[in-house]
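Colleague: Can you read through this structure? Questions will come right after.
Protein chains in written order, with my numbering: chain A, 1 to 236; chain B, 237 to 472; chain C, 473 to 708; chain D, 709 to 944.
Here it is as structure tokens:
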């Protein structure tokens, strides 16, 4: 049995795809998301497919809740070897229309949730001399567009955190990678919103998962820190 | 009489140098910083030199305090034409040793204080079809170094905010610029800490102020958004 | 039988590792390098292992020689589906000591050789609606260091070319990726030069090859354009 | 009398504006461009306005011609203190339609002409412990767009050269800066080509010149290496 993989932000799009990919690869997976029903139905699906899965409803911005969840993960599944941070947050609008608290929420969901999960994961990764942390970014991780101030502030912050962690923990054998998803991810909501766009303009979560899988298995002589992903027909 | 210039973070290093430069250039300046004594002694100095200055002790992370300060500025000095955001924050240490709250403080002092000041400044700048906002960044705005996770997360966030504001408000005539200070600023504290370094390795606040002055006076056919500054002998 | 993979710059380090990886993956490989003996001994090795390989000594900066080589490849192996551009060039020294012609050589080996190979490969890739081109970059692709002016000018140019090709040919189904190798590649020469460095500080060509392999097999809903690679203990 | 300023690429747009700005600031200026009539009429204009100017028709990609020009400049005007590299080159088109030689021309005009001029200027700048070199870049210095492969390859190369020179010669007191002009410069040709665009969407050369002037006068405790410039209404 492999290392436990924690998916922080195990929602129905990317998070579920990552969980499926790692469960299919025989890793026990822990699914963290705010909604009980979301994580339980995904855990059920994975177990029905022969996988080992634990679903936990948890507010990732609450350090006590995160600590509690990691204790259960360690007890029920074992030591955490990989953390995939996929907590979603989207806000968009004219700067003067967006409530200041949206900036704070974006920061909590991107940066603080990652801080909390990393504080739980890193000590044991360092102790074992290995581990992998993958942070999921977006176009807004590299570019602050008009109307995206709150979104980009959080995503830039997550990228900064990723670089700092990579530089501090790489020499301890912990691989920290940042994936910049530069395009629209295929899910019922984005399809509905952009119904006139061709299928070729959406990123498939299962395909994103293949690159995440590749990253965490790179031998340590040649680690990637930052990788972008976009559909072939995307204008960028 | 020119437009009012608000210096958010009017501490003894850069902030004071910016205030002196704009007061010398005949702009009324409003000095915001946490400590009453800091802003009053600087305001006294500027008034003694013939300038118009208003010092206000204010917690820049408190939106009500910021709103109150801007009301006093408008009433006592006039409409705000320029905002220079220089709120300082520094934290450094191994990731697992830095308390999570340091990340939040870095975000509040960099991003939220700027959000609050911009929400006060932008409506009148847009109404008048002009204005300038200068955000002061650092090496950590572009690079998340080991031991600098909390610092960089805040500074990256500030840069994201700056790009979003520039793209949204540029067409309204508001010039938003981001200055990346890549080196150690000369002040009593940094000199003491790095006493073995030659003088040539420090940035002089008065020289930084010259570039800030240049930026806010660029004609609108050729605006800079991002400018770096470092001492000539700096290794980078 | 798969698509033909052309390795432009099939020297003993990375180039040979790429060739081995693709031959092992059942792709016919064409090996291009300046020295007859280099390409023939590698082709012999691959054929001895059951692979299909064609070694061609060619000056990659000579468009006629490149055109001639591609005609032989198409005739003897079939249509070219992938191009991996690995032509090596290194020069280092104080700006005033490096002869101007070194800049030109760097440009010819990085940019012009890629232009020539792409002009041969792209028409058939576009006609078939698919293909992959991987360009191998270096630290100097992103940063012009002191003493590296000629090296970086060529590598920056290659990166520019890669971005332009990716944006133009992506919608035609051709995946163009740029790999930034940020560290020292393990080979007899680098080991001798840096004999005091621990093994952990070198990139293994076979490990770099795994990421190249991953890139060219990414499904087209989620393509990477730029990926960095460095050893886990690298300071960056 | 100030230091001699060499404008390499003293064409009718930016180059002339730089020349006017420095002549107005009492610097003797040397004007280098391919066409005799261009440089002579500009030199005449500057002298008529009370300036000191020397116009020299020179192919900047020819090292002997450049050396000859610098000898005349030193003899007739004095020691060169500043070099502004503005050699223009534009090519645009589908990759397979652009002749390979266009890449080479772009490289010669951007990188090699700068190498030649810097080899002439740097030794005396280093000897005197001071000087300034400003390189004029473009949107294509940072981004390789579809249809801009040859343009971007040259401009990326120039940027690489600038970074290397800045890092090598900064400690010698030579300030090397790179200006990224992100938009369309106002001149008869661009106005004709984009006649439907509002005036606000063009950069004015005289305004670009103000930032170049600022850069070369920055005190050495706070030098900028890279500065962007765009019109306020530009979408970026």
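Where a beta carbon is used, it is the ideal one built from N, C-alpha and C, also for glycine.
Report all residues from its chain with a CB closer than 6 Å to the CB of residue 769 (chain D); omit the five preceding and five following residues, and keep chain order.
Modeller: Excluding positions up to five away in sequence, the list reads 816, 820, 821.
Colleague: Mark residue 266 (chain B) as exposed unless 16 or more other C-beta atoms lie within 10 angstroms of its C-beta, in which case mark it buried.
Modeller: Residue 266 (chain B) should be labelled buried.
Colleague: Give me, in chain order, the residues of the same chain whose beta-carbon lies closer than 6 Å to that of residue 179 (chain B); leave out the 5 immediate sequence neighbours on both sides.
Modeller: There is no way to answer for residue 179 (chain B), as the model of chain B reaches only from 237 to 472.
Colleague: For residue 790 (chain D), report the span of its beta strand (DSSP E) as first-last.
Modeller: First-last of the beta strand (DSSP E) with residue 790 (chain D): 788-793.
Colleague: Can you say whether residue 138 (chain A) is buried or exposed, counting buried as having 16 or more other CB atoms within 10 angstroms of its CB?
Modeller: Counting Cβ neighbours within 10 Å, residue 138 (chain A) comes out buried, since at least 16 surround it.
Colleague: Of all Cβ atoms in chain B, is any one closer than 8 Å to the Cβ of residue 832 (chain D)?
Modeller: No - not a single Cβ of chain B is within 8 Å of the one on residue 832 (chain D).
Colleague: With DSSP as the reference, label residue 161 (chain A) as helix, strand or coil.
Modeller: Reduced to three states, the DSSP call for residue 161 (chain A) is helix.
Colleague: Express the C-alpha separation of residue 911 (chain D) and residue 781 (chain D) in angstroms, rounding to a whole number.
Modeller: Rounded to whole angstroms, residue 781 (chain D) to residue 911 (chain D) spans 30 Å at the Cα level.
Colleague: Does the region 375-393 of chain B come within contact of the region 78-96 of chain A, defined as at least 3 CB pairs closer than 8 Å?
Modeller: Cβ pair count under 8 Å is below three, so no.
Colleague: Report the neighbours of residue 647 (chain C) on chain A: residues whose CB is nearer than 8 Å to its CB, in chain order.
Modeller: Near residue 647 (chain C) (Cβ distances below 8 Å), the residues of chain A are 232.
Colleague: Please report how far the alpha carbon of residue 709 (chain D) lies from the alpha carbon of residue 555 (chain C), in whole angstroms.
Modeller: Any reading at residue 709 (chain D) needs caution, since the residue's pLDDT is 39, under 50, leaving its predicted position unreliable; the model's value is listed next. Near 58 Å, if we compare the C-alpha coordinates of residue 555 (chain C) and residue 709 (chain D).
Colleague: Do you know offhand how far residue 252 (chain B)'s Cα is from residue 185 (chain A)'s?
Modeller: About 48 Å.
Colleague: Whose Cβ in chain A lies nearer than 8 Å to the Cβ of residue 352 (chain B)?
Modeller: Per Cβ cutoff of 8 Å: 100.
Colleague: If you reduce the DSSP assignment to three classes, tell me which class residue 532 (chain C) lands in.
Modeller: The answer is coil: DSSP assigns residue 532 (chain C) none of H, G, I, E or B.
Colleague: Using the C-alpha atoms, what's the distance from residue 6 (chain A) back to residue 245 (chain A)?
Modeller: Because chain A in this structure spans residues 1 to 236, residue 245 (chain A) falls outside the shown range and cannot be described.
Colleague: What are the boundary residues of the alpha helix (DSSP H) that residue 516 (chain C) is part of?
Modeller: Counting along the chain, the alpha helix (DSSP H) containing residue 516 (chain C) begins and ends at 508-520.
Colleague: Out of A:190, A:213, A:196, A:182, which has the shortest C-alpha to C-alpha gap to residue 234 (chain A)?
Modeller: Nearest C-alpha to residue 234 (chain A): A:182.
Colleague: Please confirm whether residue 109 (chain A) has its beta-carbon closer than 8 Å to some beta-carbon of chain B.
Modeller: No, because no Cβ of chain B sits closer than 8 Å to the Cβ of residue 109 (chain A).
Colleague: Using CA coordinates, which residue listed in B:337, B:394, B:255, B:456 is at the minimum distance from residue 281 (chain B)?
Modeller: Answer by Cα proximity: B:255.
Colleague: Skipping 5 residues on each side, what residues in its chain have a beta carbon closer than 8 Å to that of residue 878 (chain D)?
Modeller: Hits under 8 Å: 884, 931.
Colleague: With DSSP as the reference, identify every bridge partner of residue 226 (chain A), one or two as the case may be.
Modeller: In the DSSP output, where bridge partners are listed per residue, residue 226 (chain A) has A:178.
Colleague: Are residue 87 (chain A) and residue 57 (chain A) closer than 8 Å when you measure CB to CB?
Modeller: Not closer than 8 Å, so no.
Colleague: Assign residue 669 (chain C) to one of two classes, buried (16 or more other C-beta atoms within 10 Å of its C-beta) or exposed (fewer than that).
Modeller: Per the 10 Å Cβ criterion, exposed.
Colleague: Check whether the Cβ atoms of residue 91 (chain A) and residue 150 (chain A) sit closer than 8 Å, and answer yes or no.
Modeller: In this structure, residue 150 (chain A) lies closer than 8 Å to residue 91 (chain A) by Cβ.
Colleague: Does the beta carbon of residue 438 (chain B) sit closer than 8 Å to a beta carbon anywhere in chain D?
Modeller: Residue 438 (chain B) counts as touching chain D.
Colleague: Short of 9 Å Cβ to Cβ, which residues in the region 851-867 of chain D face chain C?
Modeller: From the region 851-867 of chain D, only 851, 852, 853, 854, 855, 856, 857, 858, 859, 860, 861, 862, 863, 864, 865, 866, 867 have a Cβ closer than 9 Å to chain C.
Colleague: Going straight from the alpha carbon of residue 179 (chain A) to that of residue 396 (chain B), what length do you get?
Modeller: For residue 179 (chain A) and residue 396 (chain B), the distance between alpha carbons rounds to 18 Å.
Colleague: Does residue 122 (chain A) pass the burial test, meaning 16 or more other C-beta atoms within 10 Å, or should it be called exposed?
Modeller: Residue 122 (chain A) is buried by the Cβ-count criterion.
Colleague: Give me the subset of the region 449-464 of chain B whose CB atoms are less than 7 Å from a CB atom of chain D, sorted by chain position.
Modeller: So the list reads 450, 454, 455, 456, 457, 458, 459, 460, 461, 462, 463, 464, given in the order they occur along the chain.
Colleague: Output, in sequence order along the chain, the residues in the region 482-510 of chain C whose CB is closer than 8 Å to any CB in chain A.
Modeller: For the region 482-510 of chain C, which is checked against every Cβ of chain A, not one residue is closer than 8 Å.
Colleague: The alpha helix (DSSP H) that contains residue 135 (chain A), what's its start and end?
Modeller: Counting along the chain, residue 135 (chain A) falls outside any alpha helix (DSSP H), though it belongs to the beta strand (DSSP E) covering 131-138.
Colleague: Cα separation between residue 776 (chain D) and residue 698 (chain C)?
Modeller: Their backbone Cα atoms lie some 43 Å apart in a straight line.
Colleague: For a cutoff of 8 Å on Cβ pairs, would you count residue 406 (chain B) as touching chain D?
Modeller: Chain D contact via Cβ: present.
Colleague: With a 10 Å radius around its C-beta and 16 neighbouring C-beta atoms as the bar for buried, classify residue 55 (chain A) as buried or exposed.
Modeller: It is buried - the Cβ of residue 55 (chain A) has at least 16 other Cβ atoms within 10 Å.
Colleague: So, for residue 211 (chain A): in the same chain, excluding its five sequence neighbours on each side, which residues have a beta-carbon less than 8 Å away from its beta-carbon?
Modeller: For residue 211 (chain A), where only same-chain residues beyond five positions count, the Cβ hits under 8 Å are 179, 227, 229.
Colleague: Excluding five sequence neighbours on each side, which residues of the same chain lie with their C-beta closer than 6 Å to the C-beta of residue 547 (chain C)?
Modeller: Within the same chain, residue 547 (chain C) has no close Cβ partners at all.
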